[in-house]
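Participant:
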Amino acid sequence: MRIELRVNGDDYRREVEPDLTLLHFLRDVLGLTGTKWGCLTGDCGACTVLVDGEPVVSCLQLACQVRDREVTTVEGLETADGLDEVQAAFVSNGAAQCGFCTPGMIVAVEALLRSNPSPTEAQVRESLSGNLCRCTGYNKIVDAALQAARARLLATDIA
Ligand code: FES
Ligand code: FES
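Pasting the structure below:
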């Protein structure tokens, strides 16, 4: 079936199988491998992307379900000036580790800050509850999210 959608600001029209997941469409058809393939059962959050600004686990979404919608992957968060506030805060706080969980976490934090620009620590932890990492205590990830929120608010104030 034919789908048209926008991904990271670019418009695409592709023929896809009806059972192709959004995750595999992004990785295998568009070559956007920043979105990670983890559990494929909706449990780990590694495949999180934004669909019309809302966080979605792309392994449980069919590509044909996002027809005419706007998808943002971790690659699409980067700005013309480089890393966005969330990506930069993950780097500066040492919150980026194995590479599998990190893209989904960055996208989840991005979704949170778009809906709640000044979250509490508890709200950050809640927003990351669907993103699993076996290796950290999440503290650096939470620190990064809170720092990104502050940086973005500051940038908004200055602008
Ligand atoms: S790969 Fe989608 S939630 Fe784990
Ligand atoms: S799963 Fe990525 S650092 Fe633990």
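For the sequence shown, counting from 1, position 38 maps to 92 in our numbering; every step adds exactly one.
The beta-carbon is built from N, C-alpha and C at its ideal position, and this holds for glycine as well.
Note that the structure is predicted; figures quoted are calculated from it, not measured.
Helix, strand or coil for Thr102, going by three-state DSSP, please let me know.
Facilitator: Three-state result, Thr102: strand.
Participant: Kindly indicate the opening and closing residues of the beta strand (DSSP E) around Asp97.
Facilitator: First-last for Asp97: undefined, no H or E at that position.
Participant: What residue range does the alpha helix (DSSP H) around Val161 cover?
Facilitator: That run of the alpha helix (DSSP H) goes 156-169.
Participant: Using 6 Å as the cut-off, classify the Cβ of Cys93 as near or not near the heavy atoms of ligand 1, replying yes or no.
Facilitator: Checking every heavy atom of ligand 1 against the Cβ of Cys93, one is found closer than 6 Å.
Participant: DSSP puts Gly136 in a beta bridge; with which residues?
Facilitator: Answer is Thr133, bridged to Gly136.
Participant: Contact check, Val140 vs Ile160 under 8 Å by CB: the rounded distance?
Facilitator: That belief holds up - the Cβ atoms of Val140 and Ile160 are roughly 5 Å apart, short of 8 Å.
Participant: Would you call the stretch 170-188 and the stretch 117-124 in contact, with 3 or more CB pairs under 8 Å?
Facilitator: The stretch 170-188, when compared against the stretch 117-124, does not touch it at the 8 Å Cβ threshold.
Participant: Hey, would you say the C-beta of Val61 is under 6 Å away from at least one heavy atom of ligand 1?
Facilitator: Checking the Cβ of Val61 against ligand 1 gives no.
Participant: Given 6 Å as the limit, tell me if Cys98 has its C-beta closer than that to any heavy atom belonging to ligand 1.
Facilitator: Because some heavy atom of ligand 1 lies under 6 Å away, the Cβ of Cys98 counts as near it: yes.
Participant: Do Ala162 and Ser146 have their C-beta atoms within less than 7 Å of each other?
Facilitator: No, the pair does not count as a contact, with Cβ atoms beyond the cut-off.
Participant: Is Cys113 near ligand 1, in the sense that its beta carbon is under 6 Å from a heavy atom of that ligand?
Facilitator: Yes; taking the cut-off as 6 Å, the Cβ of Cys113 has a heavy atom of ligand 1 nearer than that.
Participant: How would you call Pro72, buried or exposed, if buried means at least 16 neighbouring beta carbons within 10 angstroms?
Facilitator: Exposed: under 16 other Cβ atoms inside 10 Å.
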